[in-house]
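Numbering (the working numbering), first residue to last: 491 to 749.
Using N, Cα and C, we set each Cβ at its ideal position, and we do this for glycine too.
Structure, as structure tokens:
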Amino acid sequence: MRMLVCVKQVPESEGAVSVEDYEEWIRRAPPSLFRMNRFDEYAVEEALRVKEACPDSRIDVISVGPLRCEAIIRRAMGMGADRGSHILTDDEPFLTPFATASWIAAWATSEQYDLIFAGVMSEDGMNGQVGPMLAEMLGVPCASSVVCARVTNDRNAVYVEREIESGFRDTLEMALPAVLTVQSGINQPRYPSLSNMLRARKAAIESIRADSLPGVVPREAVTGTSAPKRRRTGRVLEGSPSDKARELIHILRERTLVR
């Protein structure tokens, strides 16, 4: 069984950013730190568990982005993936989900994967669109927000459970090939082992220039960014603690928040 995991490099949430009106995208203060999208870590782990159940399987990982994305490809290989590929782009301010899915689909069409994993969304964009778009472009079924996945014994289908509203689960059995976007909580991602990290450090990563793939006609663009405007002001209560408490209760009652 051949599997592909799509991984994305995202910035650390603690990093400082600058948002200027009418800029094409946010600016990050150097030195910015990046890591693998956490939802994609669950996707890598789930592929590894399928491989453990089907020992003759192979796992490829792919990422779209600038040169620094090689770090997360090697991390996925350190977790246990067999091969890494990188669709290399310029360090553009914003990469649309449609462009990402189009490039991966163009590259994966000839690879004949049985199962493709991706995180349910990225932590920075939170669009949740790359996986479903990729499935549509490849003409295969897709299940999103997957919290359980098991390949059938004959390896012709995959049983999945999807997270839906009110704590319920939707259960499906889909014929392979298929695309699954996995939700957090499906597993506990493992730490890369030392032996795998040493192997990953020396491994060659296939690099594909994005402009060498079929052209992507832009369907969306960022026209500008702006910081949220302050709409409310705080109020400082004066006086002794008992005076502040009485004033606070009065304010809450005025707004019918307490009786």
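Subject >> Local conformation of LEU605 per DSSP, three classes >> reply: strand
Original post:
Taking C-alpha atoms, which residue in ALA633, LYS541, LYS498 lies nearest to ASN643?
Top reply: LYS541
**OP:** Would you kindly work out how many angstroms separate the C-alpha atoms of GLU696 and VAL641, rounded to a whole number?
**Re:** 28 angstroms
Original post:
Quick one: what does DSSP say ALA693 is sitting in, helix, strand or coil?
Top reply: coil
Subject >> Nearest-angstrom Cβ-Cβ length linking ASP614 and PRO501, presumed shorter than 8 angstroms >> reply: 6 angstroms
**OP:** Could you pull the start and end residues of the beta strand (DSSP E) that ALA571 belongs to?
**Re:** ALA571 -> no beta strand (DSSP E), and no H or E assigned at all.
**OP:** Compute the Euclidean distance between the alpha carbons of CYS544 and ARG721, then round it to the nearest angstrom.
**Re:** 56 angstroms
Subject >> Residues near ARG709 by beta carbon distance below 8 angstroms, same chain, minus five either side >> reply: THR586, PHE588
**OP:** Classify VAL534 as helix, strand or coil using the three-state DSSP reduction.
**Re:** helix
Subject >> LEU578 versus ALA591 - alpha carbon distance >> reply: 14 angstroms
Original post:
What residue ranges within the stretch 576 to 636 form continuous beta strand (DSSP E) runs of no fewer than 3 residues, ordered along the chain?
Top reply: 605 to 609
Subject >> Cα-Cα separation between ARG539 and ALA595, rounded to whole angstroms >> reply: 24 angstroms
Original post:
Looking only at its own chain, which residues have a Cβ that is under 8 angstroms from the Cβ of TRP515, when we skip the five neighbours before and after it?
Top reply: PRO583, PHE584, VAL712, THR715
**OP:** Pull up the distance between the alpha-carbon of LEU662 and that of VAL748, whole angstroms please.
**Re:** 47 angstroms
Original post:
Going by other Cβ atoms of all chains shown within 10 Å of its Cβ, with 16 needed for buried, is GLN673 buried or exposed?
Top reply: buried
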